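Chemist: In my numbering, the protein residues as written are -18 to 243. C-beta atoms are modelled at their ideal positions from N, C-alpha and C, and glycine is treated no differently. Remember, predicted model here, so these are calculated numbers, not experimental data. Handing you this structure, nothing more for now.
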Ligand SMILES: NC(=O)c1ccc[n+]([C@@H]2O[C@H](COP(=O)([O-])OP(=O)(O)OC[C@H]3O[C@@H](n4cnc5c(N)ncnc54)[C@H](OP(=O)(O)O)[C@@H]3O)[C@@H](O)[C@H]2O)c1
């Protein structure tokens, strides 16, 4: 790619995705905005085009709908100008697991896991062949914390982290950067969807601060960026503990502690 790559951002009509759109436009990247609310994306497009002079396309898509998702996949496969994918669209649902409907949980999984997986799958071979490009996946610290009481949502975000780490190992040697961004509580509309009032929560990060920090991680080519975490050594220690267990998974026999009853 000679000029700056275009950036396709899902969930670009609001919140973190809209902030990414603004920041990448400011950096001079053309954009492809994806979400359901066209009016909001048209307003964002008009403003960002006027302020930054970049070209902006809009794809209206409900990423839980296979036909809509397929259209975005096709764009990612075919449009060689797109060099950066920001898998940001996502939602959360409130209440406890036993109070959530099975259909709502399935829709959550479709949007938070199937969509980013399929979109990454659509673009990754082309980026790997080109030997450049980036995939940014928006996870959540909830994916590290079953204690936070958002079981289904956290499970989707654990998936996003694993997907990102696995893709990073596969694609980094081919020149493709993969970043997982793990926000904590950020002031966006997502909280309204869970029935919570974000103004009653403490430790809320402003969305611009979150995206600016995520982009510092992006520029450093960090595989995992956790904007609110002060001590990167804590993440490194968690990773080291996880990796220390890996050699044991090759044991062909049950560990001694499982060889005695009770
Ligand atoms: N805010 C937080 O505290 C927080 C913390 C950790 C992680 N995150 C993650 O950050 C990402 C962005 O969330 P946000 O806080 O910015 O939420 P948000 O303000 O509610 O924005 C969500 C975006 O996703 C889009 N979207 C929702 N459902 C969609 C669908 N079915 N198809 C296509 N697009 C859809 C929405 O657009 P339309 O309604 O126009 O479709 C909107 O642009 C999510 O993955 C979320 O899990 C957020």
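Rounded to whole angstroms, what's the CA-CA distance from residue 45 to residue 96? Just pull it up for me.
Modeler: As a working mapping, residue 45 is identified with position 64 in the chain shown. As a working mapping, residue 96 is identified with position 115 in the chain shown. Answer to the nearest angstrom: the Cα atoms are 7 Å apart.
Chemist: Does DSSP put residue -18 in a helix, in a strand, or in coil?
Modeler: For the purposes of this step, residue -18 is identified with residue 1 of the chain shown, where counting begins at 1. For residue -18, the predicted structure reports a pLDDT of 47, less than 50, and the residue's modelled location is therefore unreliable. The matter cannot be settled from this model.
Chemist: Cβ of residue 119 within 7 Å of any heavy atom in ligand 1?
Modeler: Here residue 119 refers to the residue found at position 138 of the chain shown. Yes - ligand 1 has a heavy atom lying nearer than 7 Å to the Cβ of residue 119.
Chemist: Pick from 234, -12, 239, 211: whose alpha carbon is nearest that of residue 108?
Modeler: Stepping through the chain shown from its first residue, residue 108 is reached at position 127. The shortest Cα separation from residue 108 among 234, -12, 239, 211 belongs to -12.
Chemist: Quick one: using the 10 Å Cβ neighbour count with 16 as the cut-off for buried, is residue 79 buried or exposed?
Modeler: One-based indexing of the chain shown puts residue 79 at position 98. Exposed, because fewer than 16 other Cβ atoms sit within 10 Å of the Cβ of residue 79.
Chemist: What's the C-alpha gap between residue -18 and residue 12?
Modeler: For the purposes of this step, residue -18 is taken as the residue at position 1 of the chain shown. For the purposes of this step, residue 12 is taken as the residue at position 31 of the chain shown. Model confidence at residue -18 stands at a pLDDT of 47, short of 50, so the residue's coordinates are unreliable; what they give is reported in the following sentence. Rounded to the nearest angstrom, the two C-alpha atoms are 15 Å apart.
Chemist: Whole angstroms are fine: how far does the CA of residue 179 sit from the CA of residue 172?
Modeler: Working through the chain shown from its first residue, we reach residue 172 at position 191. Working through the chain shown from its first residue, we reach residue 179 at position 198. If you take the alpha carbons of residue 172 and residue 179, they lie about 6 Å apart.
Chemist: Go to residue -9, then tell me how far its alpha helix (DSSP H) extends in each direction, as first and last residue.
Modeler: Mapped onto the chain shown, residue -9 falls at position 10. Careful: residue -9 lies outside any alpha helix (DSSP H), inside the beta strand (DSSP E) at -13 to -9.
Chemist: Go through its chain and collect everything with a Cβ distance to residue 30's Cβ below 7 Å, but skip five positions before and after it.
Modeler: As a first step, residue 30 must be located in the chain shown, where it is residue number 49. Only 37 meet the Cβ criterion.
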